[in-house]
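**Student:** Per the numbering used here, the sequence shown starts with residue 556, numbered consecutively. The beta carbon of each residue, even a glycine, is placed where N, CA and C say it ideally should be. Bear in mind the structure is a predicted one, so any value in this text is a computation, not a measurement.
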Amino acid sequence: FRFLDLPGEVRNKIYAMTLSKTQQALIKYRPRHASLRPRKAESDKKPSRRPYMGLTQVCRQIRQEYRPLYLREQPIGLDMVDLNPYLKAFYPITDSDGMVSKSDYSMRSVTVALNYHISSLEKCKKGIDLWPMLNIWANAYRLEAGFGRYSHHGYQSELDGEAKDMYRLFGRRVLEDRSCTALVVAWRDLLREGKLAAVRVHRAWKKNEGPYIEILFKPEHKESWMDAEVSEPPEDWLNKYGFTEMEYFNIKVGVVVDSPVKTGLKK
556 FRFLDLPGEV RNKIYAMTLS KTQQALIKYR PRHASLRPRK AESDKKPSRR
606 PYMGLTQVCR QIRQEYRPLY LREQPIGLDM VDLNPYLKAF YPITDSDGMV
656 SKSDYSMRSV TVALNYHISS LEKCKKGIDL WPMLNIWANA YRLEAGFGRY
706 SHHGYQSELD GEAKDMYRLF GRRVLEDRSC TALVVAWRDL LREGKLAAVR
756 VHRAWKKNEG PYIEILFKPE HKESWMDAEV SEPPEDWLNK YGFTEMEYFN
806 IKVGVVVDSP VKTGLKK
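What follows is the structure, encoded as structure tokens:
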């Protein structure tokens, strides 16, 4: 018999069984260009942590039935430089306004890895824009998100100021005992209001300045003290949105001057 000949209730039970014991899958963006990168031999393949992913790529009906369930239940981990290509592939802009409808996405858990080696992509002028991810996080019904490192002998997370500071983008401060403070609601609300154009992370050190996070507003939503492309935020602004006492990054706030691609969530 054909799988699609089964009643919908039976198919749903099968889908639920495939997602009952999911493990975090580490995703690596590795585009294959013709024969430049050969396919791995079958004997080299490790057991997949996504054994049922193929169901998201079968026929249209099964994709429509299974894909939302899969994206909602499969926890993933990926490098920060691979985050935007992943979001572009699985959570594309779906209407003429350049917005992503809330009904078009779901996500359970994502861990964004900070590589010890700073890549060429991270050294570019605009750094890595985390606004697409933060936009989804702020509007998601249920999404566990965080930052981490690749497994490394002797790693002490409590001393990793860079990773700890990155958690501020998810509205929390990591304490000495590795617990987190309560959510900074004002920051999440700011993300939800659609006033921001970009949140760029600059990990690479530049001449005369250290690493920094650049929070850019849309021109129509800038505050009175934002009189330049990049301004020094007042202390009360930093305190309101949870960016005081940073260990590693400086915070810069400004107004976007280029024309960003519209990204957002349709209410």
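(1) Any contact between the region 694 to 712 and the region 749 to 769? By contact I mean 3 or more CB pairs, one from each, below 8 Å.
(2) Measuring alpha carbon to alpha carbon, tell me which residue in 808, 717, 802 and 608 is nearest residue 783.
(3) How many Å lie between residue 609 and residue 618 at the Cα?
(4) Rounded to whole angstroms, what's the CA-CA distance from residue 740 to residue 690? Just pull it up for me.
(5) Under three-state DSSP, which class holds residue 532?
(6) Have a look at 629, 763, 778 and 616 and flag the residue whose alpha-carbon is nearest the alpha-carbon of residue 581.
(7) Counting only the same chain and skipping the five closest in sequence on each side, list residues whose C-beta sits under 6 Å from that of residue 523.
(8) Using the Cα positions of residue 577 and residue 605, report the straight-line distance between them to the nearest angstrom.
(9) Please confirm whether residue 699 and residue 663 have their CB atoms less than 8 Å apart.
(10) Helix, strand or coil: how does DSSP classify residue 769 here?
(11) Kindly indicate which residue of 569, 638, 675 and 729 has the alpha-carbon position closest to the one of residue 800.
(12) In the DSSP assignment, find the beta strand (DSSP E) that holds residue 755 and state where it starts and stops.
(13) In terms of residues, what are the limits of the alpha helix (DSSP H) holding residue 571?
(14) Looking at the structure shown, is residue 664 part of a helix, part of a strand, or coil, going by DSSP?
(15) Using CA atoms only, rank isn't needed, just tell me which of 636, 743, 772 and 790 is closest to residue 727.
(16) Please return the same chain residues whose Cβ sits closer than 6 Å to the Cβ of residue 716, not counting the five positions on each side in sequence.
(17) Residue 670 and residue 637: beta carbons closer than 8 Å?
(18) Could you pull out every residue in the same chain whose Cβ sits closer than 8 Å to the Cβ of residue 777, ignoring the five residues on either side in sequence?
(19) How should residue 569 be labelled, buried or exposed, when 16 other C-beta atoms within 10 angstroms of its C-beta is the threshold for buried?
(20) Could you give the first and the last residue of the continuous alpha helix (DSSP H) run that contains residue 627?
(21) Return the first residue and the last residue of the alpha helix (DSSP H) that residue 791 is part of.
(22) With H, G and I counted as helix, E and B as strand and the rest as coil, what does DSSP make of residue 684?
(23) Among residues of its own chain, excluding the 5 on either side of residue 771, which ones have a beta-carbon nearer than 6 Å to its beta-carbon?
(24) At a cut-off of 7 Å, would you count residue 569 as near the ligand ADP, judging by its Cβ distance to the nearest heavy atom?
(25) Kindly list the residues whose CB is nearer than 7 Å to the CB of residue 693, restricted to its own chain and excluding five residues on each side of it in sequence; keep chain order.
**Tutor:** Working from what's here:
(1) Taking a cut-off of 8 Å for Cβ pairs, the region 694 to 712 and the region 749 to 769 do not touch, as fewer than three such pairs fall below it.
(2) 808
(3) 9 Å
(4) 14 Å
(5) Lying outside 556 to 822, the shown extent of the chain, residue 532 is not represented and no answer is given.
(6) Of 629, 763, 778 and 616, the residue nearest in Cα terms is 629.
(7) Because the chain here runs from 556 to 822, residue 523 falls outside it and cannot be looked at.
(8) 8 Å
(9) yes
(10) strand
(11) 729
(12) 751 to 757
(13) Where residue 571 is concerned, the enclosing alpha helix (DSSP H) starts and stops at 563 to 573.
(14) strand
(15) Ranking 636, 743, 772 and 790 by Cα distance to residue 727 puts 743 first.
(16) 802 and 803
(17) no
(18) 810
(19) Result: exposed.
(20) 615 to 628
(21) Per DSSP, residue 791 belongs to the alpha helix (DSSP H) from 790 to 795.
(22) strand
(23) 752, 753, 809 and 811
(24) The ligand ADP is absent from the structure shown, which contains no ligands of any kind.
(25) Within the same chain, residue 693 has close Cβ partners 743, 746 and 747.
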